[in-house]
Amino acid sequence: MKNGRLIPFNRSHRLLDKVRDYLADMNTFFADIDNGVAIFLEILPHVDNSMLARMLPLLGYAGKEEVLWPLYDLTVNESTNEQIRTTAAIQLGLAALQSKDPSAINAALINMLDHSLPTIRMGCALALGWEGNYPAVQALIQRLDDPERDVQASVVTALVSVGGNYVFDLLKSRLLIGSIEEQRSILLNYWRFSEKFPNVEWVYSDVIMDLPADMRIDALEGMGMLPISFVILNRYRKLIADEDPFVRLKVLENLLAHKADEISSISDDLYPLLNDKDSRVRQAAVRLLSNL
Numbered sequence: 346m347k348n349g350r351l352i353p354f355n356r357s358h359r360l361l362d363k364v365r366d367y368l369a370d371m372n373t374f375f376a377d378i379d380n381g382v383a384i385f386l387e388i389l390p391h392v393d394n395s396m397l398a399r400m401l402p403l404l405g406y407a408g409k410e411e412v413l414w415p416l417y418d419l420t421v422n423e424s425t426n427e428q429i430r431t432t433a434a435i436q437l438g439l440a441a442l443q444s445k446d447p448s449a450i451n452a453a454l455i456n457m458l459d460h461s462l463p464t465i466r467m468g469c470a471l472a473l474g475w476e477g478n479y480p481a482v483q484a485l486i487q488r489l490d491d492p493e494r495d496v497q498a499s500v501v502t503a504l505v506s507v508g509g510n511y512v513f514d515l516l517k518s519r520l521l522i523g524s525i526e527e528q529r530s531i532l533l534n535y536w537r538f539s540e541k542f543p544n545v546e547w548v549y550s551d552v553i554m555d556l557p558a559d560m561r562i563d564a565l566e567g568m569g570m571l572p573i574s575f576v577i578l579n580r581y582r583k584l585i586a587d588e589d590p591f592v593r594l595k596v597l598e599n600l601l602a603h604k605a606d607e608i609s610s611i612s613d614d615l616y617p618l619l620n621d622k623d624s625r626v627r628q629a630a631v632r633l634l635s636n637l
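Under the numbering used here, the first residue of the sequence shown is numbered 346, with each subsequent residue one higher.
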């Protein structure tokens, strides 16, 4: 934490005691939320990371206008602990969702998406991911080809949180026309839409056969995060005959992550792989079939 203004010793002890009371019984915080937020914000620069991590969710839930910039400072300060930064960013998004006019904080976060430190770009991307934050969509899209994959994942996570058919369809279109790094990022993270858009599996299924081999592996990485389904199993049936051994191996690795009764219908298609030219594929096929 950066240094804040000094608090007289006796007062700081009283504030800390009050914070501990709030954390021990959060109902007291919610019953006295205006005073609780004021106390939290005053003591915020002076607490350790352990206490801070417990305080931040209450500030985000409170959603008061006065919490926005302190949470922003934690998100963009280079000295912030990374766990604290992530928590602050998420809570900033929750507070901004409740703000009457989040345009200023939105603009500040968008501006910081170009920061030299990837951890700060990640934090700002996460913070921008509140439902309906469409003014941030184009700026987030531009960071899909960020050189750091963790930043890319945070961007897609934010876009998923923004939600809506517009964002879902926009990312789907970027799979066809985006840069290679952008396409990779979407393929690796598009599964995050699955809770709101069950047809994510169809998007993967439709595009995967037209991708180059290395990007098919990225798509399989994303598909592996989805629950197994008839659509996915049918696509796996075709991909286990792929000419690239790394693709075949990745399909088998995905299948190994599922229970036997979920994938037993594909067992007959696996036997040819016992004679595969690639030893790693043969070994994976043996392991998988021994579980079925």
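We put the CB at the ideal spot given by N, CA and C, even for glycine.
First and last residue of the uninterrupted alpha helix (DSSP H) at residue i
i	result
residue 418	413-421
residue 387	378-388
residue 475	Run containing residue 475: none; DSSP gives neither H nor E here.
residue 562	558-568
residue 582	575-584
residue 459	Segment: none, residue 459 is in no alpha helix (DSSP H) and carries neither H nor E.
residue 554	Run containing residue 554: none; DSSP gives neither H nor E here.
residue 541	Careful: residue 541 lies outside any alpha helix (DSSP H) and carries neither H nor E.
residue 640	In the structure as shown, the chain starts at 346 and stops at 637, and residue 640 therefore has no counterpart that could be examined.
residue 407	394-407
residue 443	427-443
Contacts around residue i, its chain only, beta-carbon distance under 8 Å, and the 5 residues preceding and following it disregarded
i	result
residue 459	466
residue 598	569 and 629
residue 363	384
residue 621	590, 593, 627 and 630
Same chain, Cβ closer than 6 Å to residue i, neighbours up to 5 away in sequence not counted
i	result
residue 546	571, 574, 576 and 577
residue 439	405
residue 434	420, 468, 471 and 472
Residue j beta carbon less than 9 Å from that of residue i
i	j	result
residue 499	residue 477	no
residue 454	residue 436	no
residue 552	residue 511	no
residue 430	residue 419	yes
residue 586	residue 637	no
residue 449	residue 470	no
residue 411	residue 445	no
residue 384	residue 360	yes
residue 549	residue 580	yes
residue 564	residue 588	no
Contact with chain C by residue i, beta-carbon distance below 9 Å
i	result
residue 437	Here there is only one protein chain, and chain C is not present.
Cut-off 7 Å between Cβ atoms - residues of its own chain near residue i, not counting five sequence neighbours on either side
i	result
residue 527	489, 490 and 519
residue 484	455 and 458
residue 633	597, 600, 601 and 615
residue 609	637
residue 505	537 and 538
residue 631	619
residue 516	504, 531 and 535
residue 464	427 and 430
*For the 8 Å Cβ check, are there 3 or more pairs between the segment 484-496 and the segment 527-535?*
yes
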